[in-house]
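*Asks:* My questions all concern the structure below.
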Amino acid sequence: MSIGIPLPRIDGHAKVTGAARYAAEFSLPGQLHAVPVNATAGLGRITAIHEEPVLALPGVVAVISHKNAPRLAYRSHKGSIDPAIGERVHMLQDDRVHFYGQAVALVLAETLDAAEQAAKALRIDYEAVRPLVDQTNPQARTIVPQSGAADTARGDADAGLAAAIQTVDAVYEIARENHNPMEPHATLAHWDGDQLTLWSKSQYVANEQAEIAAIFGLPPGKVRVICPFVGGAFGTSLRTWPHVTLAAMAAKMTERPVKLVLTRNVWSGRALQEVSATCQMRSCINVSGL
Numbered sequence: 049m050s051i052g053i054p055l056p057r058i059d060g061h062a063k064v065t066g067a068a069r070y071a072a073e074f075s076l077p078g079q080l081h082a083v084p085v086n087a088t089a090g091l092g093r094i095t096a097i098h099e100e101p102v103l104a105l106p107g108v109v110a111v112i113s114h115k116n117a118p119r120l121a122y123r124s125h126k127g128s129i130d131p132a133i134g135e136r137v138h139m140l141q142d143d144r145v146h147f148y149g150q151a152v153a154l155v156l157a158e159t160l161d162a163a164e165q166a167a168k169a170l171r172i173d174y175e176a177v178r179p180l181v182d183q184t185n186p187q188a189r190t191i192v193p194q195s196g197a198a199d200t201a202r203g204d205a206d207a208g209l210a211a212a213i214q215t216v217d218a219v220y221e222i223a224r225e226n227h228n229p230m231e232p233h234a235t236l237a238h239w240d241g242d243q244l245t246l247w248s249k250s251q252y253v254a255n256e257q258a259e260i261a262a263i264f265g266l267p268p269g270k271v272r273v274i275c276p277f278v279g280g281a282f283g284t285s286l287r288t289w290p291h292v293t294l295a296a297m298a299a300k301m302t303e304r305p306v307k308l309v310l311t312r313n314v315w316s317g318r319a320l321q322e323v324s325a326t327c328q329m330r331s332c333i334n335v336s337g338l
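This is the structure in structure tokens:
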């Protein structure tokens, strides 16, 4: 590569002419549309799901929740880009609510409009408790990173601090951040026997293949992930998000292809966020200005 010399962009022509197809633009005959229903409690448990009125609405095919969802294998899988701490939320496997915006039910309908209206109409009751969200709270449990921890050293920090003529100790707070690429997260799931095909927005299709295979207890060779183009991601599509599991689960239950496209409100306001951080830093300077 040389500075000042233009390089042809391999996918440029397809993108500027509209020929590029993104995950949400794939469709299959007979597909259903899925819309998740997200928890309005930040922590607690579900006490009731009133699905009967929703099932009576025109075009609605099913309401999936922990009450009727299949039990998934959820075998161990830790991708190289997964966070060093934390746990998987097992989707629709029990009545627990772990965070505000968690998908606690999934509405399936013949059209997207019908699915969206039904999802808005679904009433869910909660037994909510106050979550502990301040990591400096003495009641917060100590979390030890399971992987990916970095501990590096260079030079003699103690000697440098001892020779310092000025030292600054400070704590810096980094707020939560939302990734807002142009393309929304979306998945189209289709089963052919025990072979699962996913048309999914992903920057790391091998990781999504391994993650979904582990969740459903399948050999990785039974899962195919297709993603010809990514319309911006900023790293937010490196991991496999819960909507992929939900789409695959729904397709398995209904024996029909299922498309699930997350709205910007859901994926930028309630989930898929970069977490906040607290950084403690000590810096110093000696007589030489170093």
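Plus 48 on top of the position in the sequence shown (first one is 1) and you've got our numbering.
We put the beta carbon where it would ideally sit given N, CA and C, even for glycine.
1) When the Cβ atoms of the segment 243-251 are set against those of the segment 277-297, are three or more pairs found closer than 8 Å?
2) Tell me the DSSP secondary structure of Arg69 in three-state form.
3) Count the C-beta pairs between the segment 264-278 and the segment 85-102 that are closer than 8 Å, then say yes if the count reaches three, no if not.
4) Tell me the DSSP secondary structure of Asn48 in three-state form.
5) Cβ of Gln79 versus every heavy atom of the ligand ADP: is any distance shorter than 8 Å?
6) Please go through the same chain and pick out, in chain order, the residues whose beta-carbon is closer than 6 Å to the beta-carbon of Arg144, but skip the five residues on each side of it.
7) Looking at Ile112: is its Cβ nearer than 9 Å to the Cβ of Ile172?
8) In chain order, which continuous runs of the alpha helix (DSSP H) of length 4 or greater are located wholly inside the segment 228-280?
9) Whole angstroms is fine: what's the gap from Val177's alpha carbon to Ala87's?
10) Could you give the uninterrupted runs of the alpha helix (DSSP H) lying entirely in the segment 112-167, keeping only those of 4 residues or more?
11) Would you say the segment 115-125 touches the segment 65-84, given that touching needs at least three Cβ pairs under 8 Å?
12) When we look at the beta-carbon of Tyr220 and count the other beta-carbons within 10 Å, is it buried (16 or more) or exposed?
13) From the DSSP output, in three-state form, read off Arg330 for me.
14) Straight-line CA distance for Val271 to Ala261?
15) Whole angstroms are fine: how far does the CA of Ser248 sit from the CA of Phe277?
16) Below 8 Å on the Cβ atoms is my contact criterion, and I expect Trp218 with Asn334 to pass it. Report the Cβ-Cβ distance as a whole number of Å.
17) Would you tell me roughly how many angstroms separate the C-alpha atoms of Arg202 and Ala62, rounded to the nearest one?
*Replies:* Concretely, from the data shown:
1) With three or more CB-CB distances shorter than 8 Å, the segment 243-251 counts as touching the segment 277-297.
2) Residue state for Arg69 is assigned as coil, using DSSP reduced to three classes.
3) With a cut-off of 8 Å, the segment 85-102 and the segment 264-278 do not count as touching, because too few Cβ pairs lie within range.
4) An answer regarding residue 48 cannot be provided, because it is not within the stretch 49 to 338 covered by the chain.
5) No copy of the ligand ADP occurs in the structure displayed, which carries no ligand at all.
6) Excluding positions up to five away in sequence, the list reads Arg93.
7) The answer is no: Cβ separation not under 9 Å.
8) Correct list: 253-264.
9) Going by the C-alpha atoms only, they are around 13 Å apart.
10) Taken in chain order, the complete alpha helix (DSSP H) segments of 4 or more residues contained in the segment 112-167 number zero; there are none.
11) No: the two stretches stay apart, fewer than three of their Cβ pairs being nearer than 8 Å.
12) Exposed, by the Cβ-count rule.
13) Of the three classes helix, strand and coil, the one that applies to Arg330 here is strand, per DSSP.
14) Taking the straight line joining both Cα atoms gives about 6 Å.
15) Each residue's alpha carbon lies about 10 Å from the other.
16) First, the amino acid is wrong: residue 218 is Ala here, not Trp. A Cβ-Cβ separation of about 19 Å leaves Ala218 out of contact with Asn334 under the 8 Å criterion.
17) Roughly 48 Å separates the two Cα atoms.
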